[in-house]
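First up is the structure itself, then whatever we jot down about it.
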Amino acid sequence: MTTATRDLAGLTARIAEFAPGLRVETGPGATGPYAYDASNYRVPPGAVVFPRTADDVVAVLRACREAGVPVTARGGGTSMAGNAVGPGVVLDFSRYMNRILDIDVEARTARVEAGAVLDALRSATALHGLDFGPDPSSHSRCTLGGMIGNDACGNRSVRDGRTSGHVEALEIVTADGVRAVADHSGLRPVDPGDAAAVARIESGLRRLVEQNLAPIRTELGRIPRQVSGYQLHHLLPENGFDLARALVGTEGTCAVVTAATVRLVATAQASTLLTLGYDDVVDAAEDVPEILRFSPSAVEGMDEAIVATMRARRGPGSVTGLPAGRAWLYVELEGDDQADVDARAAELLGVLKDLGRLTGGRVVRSPAERRSLWRVREDGAGLAARLVDGGESWPGWEDAAVAPEDLAAYLRGFRKLLASHQLTGVLYGHFGAGCVHVRIDFDMTTDTGREVMRRFLGEAAALVVEHGGTLSGEHGDGRARGELLEVMYSHRMIAAFAAFKQVFDPSGLLNPGVIVHPAPLDADLALRELPLVETTFGFPHDADGFTGAVRRCVGVGRCRSDAGGVMCPSYRATGEENDSTRGRARMLQEMVRGETVRDGWRSTEVKDALDLCLSCKACSSDCPVGVDMATYKAEFLHQHYRGRLRPRSHYSLGWLPKTSALAGYAARPVNALLRGPLGKLLARLGGVTTQRGIPAFASRRTLRRTLRAAQPAGPAKAVLFVDSFTRAFRPQVVGAASRVLADAGIPCTPRDGLCCGLTWVSTGQLDTARKVMARTVAALDDGDDRPVVVAEPSCAAALKRDVPELLGTEAARRVADRVRTFTGALTDLAEPGWAPPPLPENVVLQTHCHEYATFKGRRPADLLRRLGVRGVDEAEGCCGLAGNFGFEAEHYDTSMAVADLALKPRLDKLDGRPVIADGFSCATQIDHLAGGRDIRALHLAELLDPAADQPGETT
């Protein structure tokens, strides 16, 4: 046992003495993901602690003080400056201390714990017509504690300013373990026994202010976004010694915030969004002062690289409503009367047209278009990190701010500075507040590249100061800019910052290396030259193969959202960082590094991190940087079990296409056997849960009859691929699909006997998958260029994406280019004017995750609406079965927990509506959830079947 290990064991034992039952995690499998946030830095902690109460925090701080171990407080882990990583102990507030404690509607305040997610607070206050003003783009996963730590702002900071302007009181624990409340007039103890300790802190702060009145008054609070350093001006006599606001933005370096009372604002009654196009971001910045005269609530900017990446990743329809241009501003106007707001918008648009810089402008009235546009802006950090051309960019100088009237001049100088260092930056940000976010293509893997970065950052700091600006406008200084504070502030102010921290944290244990006595900005960089890894998948979109693929994750944490999109179902079910896409990607990065995770592909820690991944592929679409965890998991399982005995379910479920084909020859006796006691025994032997019924196999006779009936009467315009799931379990879908497609003017020839290889991919048996895929490609790539329509979405996705990426041949790519889902075929190929039989007014829809992720812009919900279904209640999220996942005995509970998130609530309120689920696994989960109720999932083809008297009544 090493000295470090002994020290850590002693610390955890001491924490257990102070707080019995407190969850403390050690070891690389638990701490690996916490070595990172959304910044350039990697600092592995010794332990991660998950407090449930303020007393737990007291216990940890007292134990760490005794041991001399540093402590870093962490919320959502979305910091771009390295504020949320640190050595020693990391306190994760997001897991348990995430409650909304009280909402006082009359006083317009809320009391929340530090780990409460902003969107959870906003959802709760919206019921009362109230909102929390600051709204960072990470609002779906950032916590109030993190916002307080950084003094976050957000898209509507033109109206609502910074978090510090909305804080009434902070409940804190000092480095010595003293609980206190900081408010607008000072500090008071929670426990009267701590009065003397609190008095010492307050007297030390008052003395510090008295000794530094001049620099505090002249250097701080000069522009709206001046977040860098500590906000000591709130302690000035004329500001009433407002310690609550002074502690906002201290980044966890002075005290640990456990809860806060925040002020709420009324929700606007009317709003309008303008989108304005420009040739250039500087032109856009030139118009900002004029726009501000109209009192907008938001003025947001971005350049063309972000929009191009969004369209490439999620389809052309993912960004609509933008006028012509290469840079854009979003301008939101709000008020109490919609007519008045619309009139202001029209007037503003006219004024800007007269100024002559606009390339186009329009009012966005559609709520769907507004949501789409705001998502582009909110995903800016991730989209800019990995661009459509494959280029990578990084934070480090992503948060500088100047007065809005100086923004255009600053941007001109900044772009010249980038060019002088042969660097490229992707620009976006809060232009109305003068705050510019930019990600830059720094090379941090080489000594030369790091030296270029260091020189650039020093010159950039000088440039922003020359324009009267600040190094940070809302992200905080962290590890990225702490060293540069001396460029912005006098030596006397730097000393005052150090004295402020000293009063609260004399031993320097809270978030060391940040703001005061900062670590060098190029220390602890996560990115370095890493070994290339030999893999079976080609990873064609990543220059460094698997190493570059897992490096896609930059920590923005969209996978930790509880709503919106499909990613990440396992995190939504468990709430654990290690079960998020980000947590898994970070563990894979640790594996490639080979420092804390040292056994590579054989790592049990990485296997455990990947265990609850449902391989839903939603991250490949929802993640702004396009992480594809399903593919990474398949590759890992392939390498991990190479030459070793696999889990039993890999054989029983992975080889299902083969075994189901055999079962079809004796379907009736096989089904009878599986329904009886022997079936449960076989399930256990195969690692399959006995809590589900095994779907009934269809007979070969039924399949042959269906295939004969599906032959087209005349020339076929497409090939109907009969996948393994449809063939084995629901051949009636082949008949329905062929009739619908023929009715729509797309007669098809059914093609049986082929397989996409999906089950072998999802269980990591890639050598077998390649053989199966190669046979299928050889059969389909026969000179025929007709579309290949696949009724099963997961098989369509495998043919579209997995086959070309695993085989890497031109033939595979040709076949992939021809693949359509059933929805896609009707959307793209149906004859003009085709209409299906009368449809129900309302349906419940479960879209298969693979279809959602792979076939962008070809969604069943959109098709149903176009065909006349007025109410499409889509269960947004994974069904939980996810192929083999939900059949595996050890995953049954997680599978059902995922189903509880979106699908089950809709089935419980079905009210006679048909349920549509094209995916076989989705339909199987629905049948299981039905629990004896008269609920059967229909394939879309069954709903549209012209031969049906009622939906689903065909054979």
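The sequence shown begins at -1 in this note's numbering and counts up one residue at a time.
Even for Gly, the Cβ is constructed at its ideal location relative to N, Cα and C.
Just so we're clear, the structure is a prediction, and the values are computed from it rather than from any experiment.
Inter-residue distance for F429 and I101 is about 32 Å (C-alpha atoms, whole angstroms).
Taking 8 Å as the cut-off, the beta carbon of R526 is found closer than this to the beta carbon of T443. Between the beta-carbon of V56 and that of G175 there is about 5 Å, and that keeps the pair under the 8 Å contact cut. In the three-state DSSP reduction, E200 falls in the helix class (H, G or I).
Around the Cβ of V83, a 10 Å sphere holds 16 or more other Cβ atoms; the residue is buried. In this structure, the alpha-carbon of L9 lies about 7 Å from that of C62. Pairing V424 with N509, the inter-Cα distance amounts to about 30 Å.
Here D577 is buried: its Cβ has 16 or more other Cβ atoms, across all protein chains shown, within 10 Å. Looking at the DSSP output, S269 shares a beta bridge with E332. The Cβ-Cβ distance between A283 and A406 falls below 8 Å. The region 76 to 92 makes contact with the region 39 to 58; the number of CB pairs closer than 8 Å reaches 3 or more.
A distance below 7 Å between beta-carbons, with the five flanking residues on each side excluded, links D439 to the following residues of its chain, in chain order: G389, E390, S391, L421 and T422.
In the DSSP assignment, V280 falls within the unbroken alpha helix (DSSP H) covering V279 to L290. Taking a C-beta distance under 8 Å as the contact criterion, V732 and P710 do not qualify as a contact pair.
In the DSSP annotation of this structure, I924 is not part of any beta strand (DSSP E); the continuous alpha helix (DSSP H) holding it starts and ends at F918 to A928. Exposed is the label assigned to T446, since fewer than 16 other Cβ atoms lie within 10 Å of its Cβ.
Short of 8 Å from the beta carbon of H636, and not among the five residues preceding or following it, lie these beta carbons of its own chain, in chain order: T534, G762, Q763, L764 and D765. Using a Cβ distance threshold of 8 Å, D377 and M300 do not count as a contacting pair. Exclusion of the five residues before and after P287 leaves P402 and E403 as the residues of its chain whose Cβ lies within less than 8 Å of its Cβ. Three or more Cβ pairs closer than 8 Å define a contact, and the region 226 to 241 meets that threshold against the region 490 to 501. V103 sits exposed, since fewer than 16 C-beta atoms from the chains shown fall within 10 Å of its C-beta. Going by DSSP, V738 is part of the alpha helix (DSSP H) stretching over Q730 to D741. In this structure, A873 sits away from L908, with a CB-CB distance that is not shorter than 8 Å. Beta-bridge partners of V788 (DSSP): F719 and T819. For C62, the three-state secondary structure derived from DSSP is helix.
Annotation: the region 302 to 354 contains the following complete segments of the beta strand (DSSP E) (minimum length 3 residues), in chain order: 325 to 333. Per DSSP, reduced to three states, the secondary structure at P912 is coil, with no helix or strand assignment. Here the alpha carbons of Q209 and L218 stand approximately 15 Å from one another. Excluding residues up to 5 positions away in sequence, A150, C151, G152, D158 and T161 lie with their Cβ nearer than 6 Å to the Cβ of P132 in the same chain. The C-beta distance from V196 to L206 rounds to 16 Å, too long to fall under 8 Å, and the pair is not in contact. A straight line joining the alpha-carbon of S697 with that of R784 spans about 29 Å. With contacts defined by Cβ atoms closer than 8 Å, R410 and V512 do not form a contacting pair. In the DSSP assignment, P187 falls within the beta strand (DSSP E) that extends over G184 to P187. The three-state secondary structure of E166, taken from DSSP, is strand.
Taking a 10 Å sphere around the C-beta of Q587, we find 16 or more other C-beta atoms and assign the residue as buried.
Under the three-state reduction of DSSP output, E15 falls in the helix class.
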